[in-house]
Structure formats: structure tokens, C-alpha cells
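The structure appears below as C-alpha cells.
4 protein chains.
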Amino acid sequence: MRIGILTSGGDAPGLNAVIRGAVLRGSVVDGHEFVGFRDGWRGLVEGDAMPLARTQVRGIARDGGTILGSSRVSPYREGAGPEVVRAVLAAHGVDAVIAVGGEGTLAAARRLVDEGIPIVGVPKTIDNDLDGTDVTFGFDTAVQIATDAMDRLRTTGDSHGRCMVAEVMGRHVGWIALHSGIAAGAHAILVPERRTTIEQIAAWVTSARERGRAPLVVVAEGFLLDQADDPHSERGLDAFGRPRLGGIGERIAPRIEAATGIETRAATLGHVQRGGVPTAFDRVLATRLGQAASDMVGRAEWGRMASLRGTEITSVPFAAALDALKTVPEHRYDEAAALFG
Amino acid sequence: MRIGILTSGGDAPGLNAVIRGAVLRGSVVDGHEFVGFRDGWRGLVEGDAMPLARTQVRGIARDGGTILGSSRVSPYREGAGPEVVRAVLAAHGVDAVIAVGGEGTLAAARRLVDEGIPIVGVPKTIDNDLDGTDVTFGFDTAVQIATDAMDRLRTTGDSHGRCMVAEVMGRHVGWIALHSGIAAGAHAILVPERRTTIEQIAAWVTSARERGRAPLVVVAEGFLLDQADDPHSERGLDAFGRPRLGGIGERIAPRIEAATGIETRAATLGHVQRGGVPTAFDRVLATRLGQAASDMVGRAEWGRMASLRGTEITSVPFAAALDALKTVPEHRYDEAAALFG
Amino acid sequence: MRIGILTSGGDAPGLNAVIRGAVLRGSVVDGHEFVGFRDGWRGLVEGDAMPLARTQVRGIARDGGTILGSSRVSPYREGAGPEVVRAVLAAHGVDAVIAVGGEGTLAAARRLVDEGIPIVGVPKTIDNDLDGTDVTFGFDTAVQIATDAMDRLRTTGDSHGRCMVAEVMGRHVGWIALHSGIAAGAHAILVPERRTTIEQIAAWVTSARERGRAPLVVVAEGFLLDQADDPHSERGLDAFGRPRLGGIGERIAPRIEAATGIETRAATLGHVQRGGVPTAFDRVLATRLGQAASDMVGRAEWGRMASLRGTEITSVPFAAALDALKTVPEHRYDEAAALFG
Amino acid sequence: MRIGILTSGGDAPGLNAVIRGAVLRGSVVDGHEFVGFRDGWRGLVEGDAMPLARTQVRGIARDGGTILGSSRVSPYREGAGPEVVRAVLAAHGVDAVIAVGGEGTLAAARRLVDEGIPIVGVPKTIDNDLDGTDVTFGFDTAVQIATDAMDRLRTTGDSHGRCMVAEVMGRHVGWIALHSGIAAGAHAILVPERRTTIEQIAAWVTSARERGRAPLVVVAEGFLLDQADDPHSERGLDAFGRPRLGGIGERIAPRIEAATGIETRAATLGHVQRGGVPTAFDRVLATRLGQAASDMVGRAEWGRMASLRGTEITSVPFAAALDALKTVPEHRYDEAAALFG
């Protein structure tokens with residue numbers, strides 16, 4: 001068979017390992033051929049493809065980013081759609097597609113599968129908010145980077161007796177905040193799933209200070225203050241319709257300082273969390289997912305995505321990932337809060 | 001309740017996070033008190049204990065090693081045994097014990113539980129060879145360190161056109177070799193579970209060279225050459241009964257060179273793999289296991305150990321870990337071999 | 001002799017190594033005693049001191065921050081001054097002071113020396129803007145952190161075909177931007193010493209793109225656009241007199257995007273650059289400076305600071321550091337610009 | 001002009017940055033053309049060359065190794081020599097050569113220059129044993145890797161109350177041992193420049209233990225025990241003329257254990273020290289040296305090598321590097337010994 005691969009949506013450490021895993025598994029073992037579509041669905045709807053032989057993927061498992069490029073283009077954008085996709089696949093002699101991407105990518109893939117296009121998926125989100133798999137690749141790297149950064153921030157907090165606020169990724173879910181906060185020993189973990197008042201945050205910060213610590217607060221970018229406490233806590237847009245400069249971390253730091261009297265500084269970790277060399281964990285996971293996706297093509301498992309369950313890779317229908325956002329469950333948050341509350 | 005903790009056996013990154021997790025969970029939430037027994041079972045049989053209040057465990061989740069010390073002393077050594085243990089616990093007013101350790105530790109704990117001593121366990125092995133849990137803490141850190149080292153060795157191999165052999169930990173199982181080998185893109189992964197001939201290894205190495213690569217071989221310390229190929233491949237002892245200087249890596253490197261004509265160098269990663277700052281993954285896992293162990297004491301789950309299953313912490317009887325060594329299954333090895341074979 | 005040590009001003013990786021170096025050198029070799037004043041000059045004017053025996057400094061060379069704490073308090077603040085300092089030193093039996101700090105600290109120390117207080121200095125600034133020494137400790141760590149971050153940002157830029165802007169520390173000088181920019185292979189390096197127009201920046205960015213690269217721009221926080229190009233480029237204050245949220249990186253990113261048509265994202269590295277485990281280079285440099293400072297006390301070199309010249313530690317008068325800011329010289333900037341211009 | 005570059009001798013982090021620095025400086029600014037000779041002098045005497053345009057060197061500053069390959073071939077080997085070199089240069093239209101290498105490379109280059117071949121040099125040795133420059137690139141990376149490894153070994157030593165011995169690179173000089181030992185806080189630093197008895201080492205180890213520390217010993221691979229103490233301390237060869245398996249670290253560990261009664265383990269860091277991503281310091285230094293070498297060609301500075309003096313790059317005659325090995329001076333060793341002695 002001739003298999004097309006595309007990587008779509010935001011960057012995530014491990015994309016190249018997925019590509020390499022699929023190509024090595026499929027070409028060496030099963031004799032498939034591979035092509036890569038450039039920049040996600042854009043390459044597929046425009047017929048922009050590159051060969052993906054064994055030599056193209058050598059040594060890339062440790063490289064961040066994706067050799068195929070990525071974009072947020074939809075296969076259903078103006079002038080595209082299933083007929084265009086079908087025509088491009090035919091023109092390139094491609095029998096099936098492995099789509100690596102997040103919620104939007106998998107939702108588009110599901111529609112295309114419903115139209116008869118043979119696609120299997122590999123879930124991708126550094127936020128870890130996709131259901132249907134224990135964990136997604138890229139998440140472990142993001143948590144490690146955030147943890148390393150907090151390890152550094154903590155020493156400066158200690159030197160100055162300051163409270164440090166670290167804003168990490170996570171628009172809708174708090175997984176990165178939760179895990180990096182546990183790992184770094186944060187004194188408050190603020191996640192989108194749990195609205196919290198400034199009073200509660202100040203109580204945690206003050207309690208840490210009273211135990212002799214320089215308070216460390218980790219906040220997911222999508223965290224919202226309790227509405228009663230802050231009617232204006234929604235993320236604002238500036239006059240040009242762009243997100244307001246300064247995220248939630250920079251906005252709550254002065255409020256924590258005001259409420260506690262403790263000098264408080266914020267750091268926004270930003271894009272650094274989604275690039276660069278993947279952790280060994282993510283390289284292994286991504287490689288295995290890529291291998292599994294190639295096998296799934298061989299078994300014609302259209303409309304399903306590779307998934308980690310315990311220690312094994314299996315597959316689940318796209319719907320398993322798309323039905324619900326995987327949020328931090330209450331017991332996990334409370335378990336973490338027991339460390340600082 | 002008053003709970004004693006001990007850490008026993010070889011060092012593993014995450015031991016301190018287990019201790020901190022148990023103490024914070026148990027003391028802050030449930031009002032337990034904690035004491036630490038120094039150097040594993042030695043401290044318990046000799047009554048060598050230290051207080052473990054919240055202040056003792058602050059900030060230690062990121063520190064490698066164990067603040068309690070460790071040793072390989074058995075509670076059944078000459079002059080010890082269940083009566084001694086019972087007496088020490090009574091003397092220190094300790095109601096139950098959390099024992100953090102590997103196969104030997106858990107086997108001893110099982111005997112003590114059978115004698116009526118209230119013990120719960122936390123599994124520990126960087127080799128990941130304990131059954132009954134998806135993964136053990138310390139393993140992720142060891143894999144990361146081995147992967148980083150191989151990333152470095154690879155560039156030198158490339159510069160000189162050499163074959164590099166990296167010997168990693170794993171006396172009885174090849175998990176570290178398998179995962180670090182996948183992550184680093186090794187061209188041969190040699191594990192204790194799979195005897196291999198020099199001819200096969202040379203074929204992999206030559207094949208990598210023919211594809212233009214500097215061959216990278218990862219070998220677990222417990223790997224054995226196929227017996228037909230090497231009747232003397234057992235690990236030897238020197239005249240003083242010590243393990244022979246030079247491990248399997250250094251012993252197979254000249255044989256690979258002889259068989260392939262490619263200059264070959266070995267590096268033994270050694271003790272570096274089991275010390276130092278744990279990865280974020282291991283800090284989170286170890287913290288959660290420590291918390292769970294404290295909860296298990298509250299529920300009087302004697303004779304059980306905390307265990308990771310998928311994304312949740314549960315508990316299993318000691319027997320689940322002790323009945324069989326968790327070896328690399330055939331399908332996992334073959335899956336990895338598809339990347340280089 | 002009995003020697004007091006204080007660390008003053010912003011946090012810098014290596015402060016603890018200075019303390020350890022001074023204490024070990026002075027106590028073990030020369031039989032001095034040491035005390036630490038807490039939080040910089042505050043501890044000295046308030047008589048807040050802690051013992052600094054060998055046991056207090058063990059193992060701290062690798063720890064970021066300062067075990068003595070730091071602050072920006074001046075010894076000439078209301079109610080302080082040379083008489084107060086003299087009295088505190090007498091009360092604690094302290095014969096001389098080692099002051100570790102930046103420009104403000106050394107300037108205050110110079111005034112106190114002029115009043116007859118026996119002080120030697122150790123220069124500290126992660127910005128590397130102090131003259132009189134080849135380099136200051138903390139700078140190497142800051143450059144490494146910034147470089148690592150840019151290595152990560154680059155892969156995301158590549159995946160999305162974006163221009164990434166990294167804002168690094170450096171209010172008055174561009175040393176961190178210069179060195180991290182060279183190390184990371186930036187396509188534009190923007191420093192306070194060299195006003196640049198948006199047109200020039202856009203030309204560099206466009207040129208990189210035309211060579212097939214995802215443009216990477218590093219900008220020091222104190223960089224100013226060419227005035228003709230931007231009459232409002234001074235750092236603004238918000239209504240509360242705080243620095244405006246959003247630094248120069250976030251402010252020029254949309255202008256680069258507008259001028260080039262290339263999607264552009266900014267990341268502000270912030271406080272992460274000044275905390276955490278120091279590089280080996282900084283640990284060695286800081287240790288040697290601390291040792292030298294102890295020796296300088298033995299030789300009564302009041303009013304002088306330890307200084308690195310080539311491979312040797314020497315001492316220079318405070319004035320050598322204070323007379324002029326050490327800016328990036330033209331030939332160094334032009335040399336770096338040759339890499340991207 | 002058309003300039004040839006070659007990299008010769010052992011691998012060192014920063015080789016690619018030298019190549020990139022030379023090519024970017026020479027081609028973009030001065031309009032030179034570049035070719036690379038493969039595998040050091042081998043490529044030059046065999047006429048094995050590759051083009052080195054801007055596109056070949058992009059993004060390589062952060063990559064370990066050398067894109068040109070390296071070898072230990074001499075230009076004076078059988079069948080080579082100045083006439084062959086001259087003929088190859090003429091055949092490839094190469095006007096001058098930049099030779100990047102250590103003592104052997106520079107000595108060969110000096111002979112060729114004496115024969116009229118236009119060559120400039122860039123000094124390379126991770127051991128830092130070349131005179132004529134403050135420091136060589138690759139050394140900082142090697143020290144950082146060794147320090148990181150010792151940070152890890154230390155925690156395991158602490159957990160088990162063991163003495164850990166780390167063997168680092170340095171056949172003839174102890175610079176890596178000295179700097180990594182200072183940075184990691186070693187309790188004994190053993191260098192080739194200073195023969196030491198087992199009794200002295202045991203005294204240091206015992207003293208550290210008595211202060212409550214797990215002793216950490218760093219030993220350069222070329223260290224020799226005091227002869228009176230060990231008549232057999234020369235590095236032995238096995239029956240095949242290979243270096244004996246097991247270096248000095250593994251050989252002194254049991255002797256330390258015997259002399260102190262403290263369980264002692266050795267780790268040999270090996271090739272990991274000379275590969276992989278260079279530190280930011282080495283990338284900057286190597287880039288500047290490469291740029292300077294290109295400029296030196298423009299000024300026809302044959303027989304000279306680029307050199308770091310303080311903060312500036314200058315050039316010195318090859319003889320400055322070749323007249324004497326740069327050993328650790330007594331005052332530097334004694335200064336370090338003051339930290340543990």
C-alpha cells in the first residue's frame with residue numbers, strides 16, 4: 001500500500017517520532033510506501049507531498065517539531081472537502097492516510113471517514129485533554145519543561161522571600177499545571193476545572209510562607225478566578241482583537257501581592273513548552289503510536305486512532321476521543337491539593 | 001496512627017518523593033504521625049529512627065536519593081526477625097510500616113505480614129522488573145539518562161564512522177535497554193530475555209553502516225550471547241570473588257569490531273543511571289504512590305503494595321509483584337526490532 | 001579574623017558557590033570564622049546574622065539562590081549608615097565584610113570603605129554589565145538557559161513556518177542576547193546598545209525566510225527601536241506605576257508580522273534565567289571568586305573586588321567596576337551580525 | 001579565495017560551530033568560497049571534498065560532532081606529504097586551509113606551513129591541554145557533562161553511605177577533573193600532574209565521611225598513584241595490546257575501600273564526555289574561533305592559530321600551542337585542594 005501521513009495543529013514534541021515509527025514499521029516490515037503531506041491538511045487538499053522513504057526519517061526521533069510542517073488548515077475549508085481529498089489521494093496513488101493531530105484534526109478526519117476516505121489517527125495534544133488514551137505524546141515533555149522552569153523559579157523566590165507565579169499551558173484543562181505542580185512542589189495549583197477565589201489562593205500562599213517557604217503558584221493559562229470574586233476574569237481582547245498582552249499569571253500576581261503583602265512575580269513559560277527535544281518517554285510513546293498506526297492501516301481500521309492503555313497500544317474509535325474533553329478529575333485535584341492545602 | 005517508613009535496596013530517583021507524598025498526605029489530611037527508620041530494615045531492627053514531620057520532607061521531591069538512607073540488610077538476618085521488629089515498633093510506638101523497596105524488600109515484608117506485622121509496600125526498581133504495576137518510579141529517569149548519553153555517543157560515532165556500544169542497567173530484564181534504545185534510535189537492542197549471536201548483531205551493525213549510519217548498539221548488563229556462539233558468556237568473577245572488571249559492553253565491542261571490520265567503542269553508563277534529580281514523571285508517580293501508601297495504612301491494607309494501573313493508583317497483594325519477574329514480552333521486543341532489523 | 005558575608009541585589013546562580021568558596025578557603029586554610037548577614041545590607045544594618053561554619057555550606061555549590069537571602073536594601077537607607085554598620089560589626093565581633101553584589105552594592109560598599117569600614121567585594125550581575133572583570137558568575141547560566149529555550153522555540157517555528165521572538169534579560173546591555181543569539185543561531189540579535197529600525201529587523205527576518213529558515217529573533221529587554229521609527233518605544237508604566245505588562249518582545253512581534261507578512265510569536269523568558277542549578281562554569285568561577293575574596297580579607301585589600309582576568313583571579317578597585325557600564329562593543333556586535341546579516 | 005576546512009583528531013563538541021562560523025563569516029562578509037575535506041587529513045591527501053555553502057552549515061552550531069567527519073590520519077603518512085597536499089589543493093582550486101585539531105594536527109600543519117602550504121589553525125582538545133589559548137572549545141561541555149554525572153553519583157553515595165569514584169577524561173592533564181571536581185564539590189581530585197598515595201586519598205575520604213558526607217572522588221584517566229605506593233600503576237595492556245579493561249577509577253576503588261573500610265564504587269564516564277549538544281559557552285567560543293580563522297586566511301596569517309585571550313579572540317603562532325603541554329599549575333591545584341583537604 002501507499003500511505004500518506006500528515007501532522008496537523010499545534011507543535012508537539014514527538015511528531016517526528018510518530019512519523020519515523022510509522023515509516024520504519026510500515027516500510028521495512030510490511031513493504032508499504034509512504035508520502036508526507038506538507039503542513040497538515042493544507043498539503044493534502046493542495047496535493048503538496050514529499051517522499052517519505054527510510055532515509056528521510058533517519059535520526060529524527062530526537063528532533064522536536066515535524067519534518068512535514070503543520071498548520072491549522074481544515075480539509076473542509078472553502079474549495080476543499082472530501083471530493084478534493086479523494087482526487088488528491090488518487091492523483092498521488094495514496095491508498096490511506098495517517099492523520100496526526102488533536103481534536104480538530106480528528107473531528108475532520110471522522111467526517112472524511114464518514115465520506116469513505118480511509119484514515120486512521122494518532123492523537124496529539126500537549127495539554128493531554130483528549131479522551132480515549134491514557135496520555136498523549138508531548139505532554140510528558142511539556143510537564144518536564146514546566147517542572148524544570150519551576151525548579152529554577154523556586155530558588156529565586158527563596159533568595160528574595162518572594163511568591164513566584166508560573167503560568168503554564170492548558171487552555172481548557174489543567175493537566176500540565178497539575179503534574180508540574182506536583183513535581184515541583186507548588187504551594188497552589190490553579191486549573192481551569194476548579195474556579196478558586198483570591199482569598200483561597202492567598203490562604204495557601206500565606207500558609208506556605210508561615211511554614212518558612214517561598215510560595216510557588218502554578219496556574220494553567222485557562223484558569224478563571226471564582227466569578228463572585230472577579231467578574232472580569234474572562235480572557236480579554238485588546239482593541240485589535242488580539243488576546244490581551246499578559247496572561248492570567250501576570251494578572252493574578254499583583255492580586256496575590258495585594259492580598260498577602262508578599263512580593264509576587266509572574267513568569268509565563270509560553271511556547272518553550274511545546275518545542276525541542278522530546279523526553280525519552282515521549283519518544284517511545286510516539287514511536288509506538290506511529291508503528292501502531294501503520295499496522296492499523298494494514299488492518300483497515302478506518303475511523304480509529306492509536307491509543308495507550310496501561311502499557312499496551314490499542315486502538316479506539318475517533319468518537320472515544322471526541323465525545324468529551326479529558327479534564328482533571330476531582331479526586332486527582334484533591335489528591336494534589338493535599339500536598340499544599 | 002504513628003507510621004514508620006523505610007527505604008531499602010538500591011538507590012532510585014523518586015524515593016524522597018515517596019516519603020514526602022506519604023508524610024504530607026498522612027499528616028496533613030489524616031493526622032497521622034511519621035517516623036523514618038534509617039538505612040532500610042537495619043534501622044527497623046536496630047531501632048534507629050528519625051522524626052518525619054512536615055518540615056523534614058519539604059522540598060525533597062526533586063532531590064535524588066533518600067533522606068532515610070538505604071541498605072540491603074534483611075529483617076531476618078542473624079539476631080533479627082519478627083519478634084525484634086515487633087519489639088522495636090512497640091518501643092517507638094509505631095502502629096504500621098510503609099516499606100519502599102524491590103523484590104527482596106517486598107518478599108521480606110510478606111513474611112513479616114504473615115507473622116502479623118502491619119506493613120504496606122511501595123514497589124521500587126529502576127529496572128522495572130516488578131510485576132503487579134504498570135511501571136515503577138526511577139525507571140523513567142534511568143531511561144532518560146541512558147537516552148541522553150546515547151544521544152551524545154551517537155554524534156561521536158558519526159564523526160569517526162565508529163560503532164558505539166552503550167551498556168545500560170538491567171541484570172535480569174531489558175526494559176531500560178528497550179526504551180532507551182527506541183528513544184535513541186539504536187541499531188541493535190540486546191536484552192537478557194533474548195539470546196543473540198554475534199553474527200546477528202554484526203548483521204544489524206553492518207546494515208546500519210550500509211545505510212550510512214554510525215551504528216549504535218545498546219546492551220543491558222545482563223545480556224548473554226547465544227550459548228552456541230559463546231560458551232563463556234556468563235558473567236565471570238575475578239580471583240577475589242568480585243565481578244570481573246569490564247561488563248558485557250566492553251566484552252562484545254571487540255567481537256563486533258572483529259566481525260564487521262568497523263571500529264567499535266564501548267561506554268558503560270553505570271551508577272549514573274540511578275541517582276540525581278528525578279524526571280517530572282517519576283516525581284509525580286512516586287508522590288502518588290507515597291500518598292496511596294499512607295491511605296492504605298489508614299485502610300489497614302497489610303500485605304499489599306501501591307500500584308499504577310493505567311492512570312490510576314490502586315493496590316495489589318505483594319504476591320502480584322513477587323510471583324514472576326516482569327520481563328520484556330516478545331511482541332514488545334519484536335516491535336522494537338522492526339525499527340532496526 | 002571573623003568575617004561577615006552578605007549577598008545583595010537580584011538573584012544569580014552561583015551565589016551559594018561564592019559563600020562556600022569563601023568559607024572553606026577562609027576557615028579550613030586560614031582559621032577565620034564566618035557569619036552571614038541575612039538579606040544583604042538589611043541583615044548588616046539590623047544585626048540579623050547567622051553562623052557560617054563548614055557544615056552550613058556543605059553541598060551548596062550546586063544549589064541556585066543564596067542561603068543568606070538577598071534584598072535591595074541600602075546601607076544608607078533611613079536610620080542606617082556607616083555608624084550603624086560599624087556598631088553592628090562591633091556587636092557581632094566581625095572584623096571585615098565580603099559583599100557580593102552588583103553595581104548598587106559595590107557603590108554602597110565603596111562609600112562605606114571610604115568611611116573606614118573594611119569591605120572587599122565580589123561582583124555579581126547575570127547581565128555581565130560590570131566592568132573590571134572578564135565575566136561575572138551567573139551570566140553563563142543565564143546564557144545557557146536562554147539558549148536552551150531558543151533551541152526549543154526554533155523547532156516550533158520550523159513546524160509552523162513562524163518567526164519566533166525570544167525576549168531575554170538585559171536592561172542596559174545586550175550580553176545575554178548576544179551570546180545566546182550566537183549559540184542558538186538567531187537571525188536577528190537586538191541589543192540596547194544598537195538602536196535598530198523595524199525595516200532592518202524585517203529585512204533580516206525576510207532574508208532568513210528566503211533561505212528557508214523559520215526566523216528566530218532574540219531581543220534584550222532593554223532594546224529600543226530606532227527613535228525615528230518609533231517615538232513611543234520607551235518602556236511605559238501603567239496607571240499604578242508598574243512596568244507595563246508585556247515587554248519589548250511582545251511589542252515588536254506584531255510589528256514584525258505586519259512588516260513581513262510572516263506569522264510571529266513572542267516568548268518572554270523572564271525570571272527563569274536567574275534561578276536554579278548553576279552551570280559548571282559558574283560554579284567554578286563563583287567558587288574561585290569566593291576563595292579569592294577570603295584571601296583578599298587576609299591581605300586587607302579593602303575597597304577592592306575579586307576579578308577574573310583571562311584564566312586567573314585577581315583583584316581590582318571597586319572603581320574599575322563602577323566607572324562605566326560594560327556594554328557590548330561594536331566589533332563584537334558586528335561580528336555576531338555577520339552570522340545573520 | 002577558496003578555502004578548505006578539515007576537522008582532525010578526537011571528537012569535540014563545537015566542531016560544527018567552528019565550521020559554521022568560518023563559512024558564514026568568510027562567505028557572507030568576504031565573498032570566499034569554502035570546501036570541506038572529509039575525515040581530517042585523509043580527505044585532504046585523498047582529494048575527498050564536499051562543498052560547504054551557507055546551506056550546508058545552517059543550524060549546525062548546536063549539533064555535536066562534525067559534518068566533515070574526523071580521523072587520526074597524518075598528512076605525512078605513507079604516500080602523502082606536502083607534494084600530495086599541494087597537488088590536491090591545486091586540483092580543487094583551494095587557496096588555503098583551516099585545520100581544526102589538537103596537538104598532532106597542529107604539529108603536522110606546522111610542518112606543512114614550513115613547506116609553503118598556506119594553513120591557519122583552530123585549536124581543539126576537550127582536555128584543555130593546549131597552550132597558547134585561555135581555553136579550548138569542547139572543554140566546557142566535557143566539564144558540564146562530568147559535573148552533571150557527579151551530581152547524580154553523589155545522591156546514590158548519600159543513600160548508601162558509599163564512596164563514589166568518578167573517572168573523567170584527561171590522559172596527560174587534569175583540567176576536566178579539576179573543574180568538574182570543584183563544581184561538584186568532590187572530596188578528592190586526582191590529576192596526572194600530582195602523584196598521590198592511597199594513604200592521602202584515604203585520609204581525604206575518611207575526613208569527608210567524618211564530616212557526615214558520602215565521599216566523592218574524581219580521578220582523571222591519566223592519574224598515577226605515587227610510585228612508592230604502587231609500582232604497578234602504569235596503564236597496562238592486555239594480551240592483544242589493547243588498553244586493559246577497567247581504568248584507573250575501577251582500579252583504585254577497591255584500594256580506597258580496603259584502606260578506609262567504606263564501601264566504594266567506581267563509574268567511568270567515558271566517551272559520553274566528548275559528544276552531543278555543546279554548551280552555549282562552547283558554541284559561542286567555537287563560532288568566534290571559526291570566524292577568526294576565516295579572517296586570518298584573509299590576512300594570510302599562515303602558521304598561526306586562533307586563540308582566546310581574556311574576552312578577545314587573537315592569533316598566536318602554532319609554536320605557542322606546541323611548545324608545552326598546558327598542565328594544571330600548582331596554585332590552581334592547591335586552591336582546589338583547600339576545598340576538601
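Chains as they are written, first to last, in full-length UniProt numbering: chain A, 1 to 341; chain B, 1 to 341; chain C, 1 to 341; chain D, 1 to 341. Virtual Cβ for every residue (Gly too), placed ideally from N, Cα, C. Being a predicted model, the structure only gives us computed values, none of them experimental.
E167 (chain C) lies in the beta strand (DSSP E); which residues open and close that run? For E167 (chain C), the enclosing beta strand (DSSP E) has its first and last residue at C163 to V168.
I'd like the ranges of any alpha helix (DSSP H) spanning at least 4 consecutive residues and lying wholly in the segment 88-118 of chain B. 103-114
Extent of the continuous alpha helix (DSSP H) run through E250 (chain B): Start and end: I248 to T260.
Just to confirm my understanding: we take R288 (chain A), look at its own chain, exclude 5 residues before and 5 after, and list those with CB closer than 6 Å. What are they? I313
For a cutoff of 8 Å on Cβ pairs, would you count L285 (chain C) as touching chain A? no
Mind checking whether P123 (chain A) and L112 (chain A) have CB atoms under 8 Å apart? no
What distance in whole Å lies between the Cβ atoms of S180 (chain A) and V143 (chain A), which are believed to be in contact at a cut-off of 8 Å? Right, their Cβ atoms sit about 5 Å apart.
Euclidean distance between Cα positions of C272 (chain C) and A267 (chain A): Note that residue 272 (chain C) corresponds to Val in the displayed sequence, not to Cys. Roughly 8 Å separates the two Cα atoms.
If you run the structure through DSSP and keep just helix, strand and coil, what is F223 (chain B)? coil
Between the CA atoms of V85 (chain A) and V18 (chain D) - distance to the nearest angstrom: 47 Å
Cβ shell of W302 (chain D) (< 7 Å), same chain only, five flanking positions each side left out: The residues are V113, P118, I119 and V120.
Taking 8 Å as the threshold (beta carbon to beta carbon), is S27 (chain C) in contact with chain D? By this cut-off, S27 (chain C) is not an interface position.
To the nearest angstrom, report how far apart P243 (chain B) and R195 (chain D) are at their CA atoms. The pLDDT assigned to P243 (chain B) is 48, lower than 50, so where the model puts this residue is not dependable; a value taken from the coordinates is nonetheless given after this. Cα to Cα, P243 (chain B) sits roughly 28 Å from R195 (chain D).
Identify, in the order they occur along the chain, each residue of the same chain with its Cβ nearer than 6 Å to the Cβ of A183 (chain C), setting aside the five sequence neighbours on each side. For A183 (chain C), where only same-chain residues beyond five positions count, the Cβ hits under 6 Å are T147.
Could you confirm whether any beta carbon from chain D is found closer than 8 Å to the beta carbon of A90 (chain B)? no
Residues from the segment 162-189 of chain C in contact with chain D, defined by Cβ distance under 8 Å: Sequence-ordered contacts of the segment 162-189 of chain C with chain D read H179, S180, I182, A183, A184 and G185 [C-beta pairs closer than 8 Å].
The ligand ADP heavy atom lying under 7 Å from the CB of R152 (chain C): The ligand content of the structure shown is nil, which means the ligand ADP is not present either.
Between which two residues does the beta strand (DSSP E) carrying I5 (chain A) extend? R2 to T7
Whose CA, out of C:H172, C:S27 and C:G9, lies closest to the CA of V297 (chain C)? Cα-wise, what sits closest to V297 (chain C) is C:S27.
Taking the beta carbon of Q227 (chain D) as the centre, do at least 16 other beta carbons fall within 10 Å, making it buried, or is it exposed? exposed
In the DSSP assignment, the beta strand (DSSP E) including V316 (chain A) goes from what residue to what residue? E312 to P317
Check the Cβ of S70 (chain B) against every Cβ in chain D and list those closer than 7 Å, keeping chain order. S159 and H160
Cβ contact check for the segment 88-108 of chain B and the segment 6-24 of chain B: 3 or more pairs under 8 Å: yes
Excluding the five sequence neighbours on either side, which residues of its own chain have a C-beta within less than 6 Å of the C-beta of F281 (chain D), listed in chain order? D140
Give the range of the beta strand (DSSP E) segment to which A49 (chain D) is assigned. A49 to P51
In whole angstroms, what is the alpha-carbon distance linking A177 (chain B) and V135 (chain B)? 15 Å
Mind checking whether Q291 (chain A) and A186 (chain B) have CB atoms under 8 Å apart? No, they are not a contact pair.
So, for P278 (chain B): in the same chain, excluding its five sequence neighbours on each side, which residues have a beta-carbon less than 6 Å away from its beta-carbon? Excluding residues within five positions, the ones whose Cβ falls inside 6 Å are P13, G14 and T141.
In angstroms with no decimal places, state the Cα-to-Cα distance between T66 (chain C) and I189 (chain B). Cα atoms of T66 (chain C) and I189 (chain B): separation of roughly 45 Å, rounded to the nearest angstrom.
Just to confirm my understanding: we take G247 (chain C), look at its own chain, exclude 5 residues before and 5 after, and list those with CB closer than 6 Å. What are they? Same-chain partners within the cutoff: E167, E221 and T268.
Taking Cβ positions, are R171 (chain B) and D127 (chain B) nearer each other than 8 Å? yes
Let me see if you follow: with CB-CB separation under 8 Å, is G290 (chain B) close to chain A or not? no
Span separating the alpha-carbon of S159 (chain D) from that of R110 (chain D): 53 Å
Range covered by the alpha helix (DSSP H) that runs through F139 (chain D): That run of the alpha helix (DSSP H) goes F139 to H160.
Please state whether the Cβ-Cβ distance between L225 (chain B) and I198 (chain B) is less than 8 Å. yes
Shorter than 8 Å from the beta carbon of D11 (chain A) to some beta carbon of chain C? With 8 Å as the cut-off, D11 (chain A) counts as an interface residue toward chain C.
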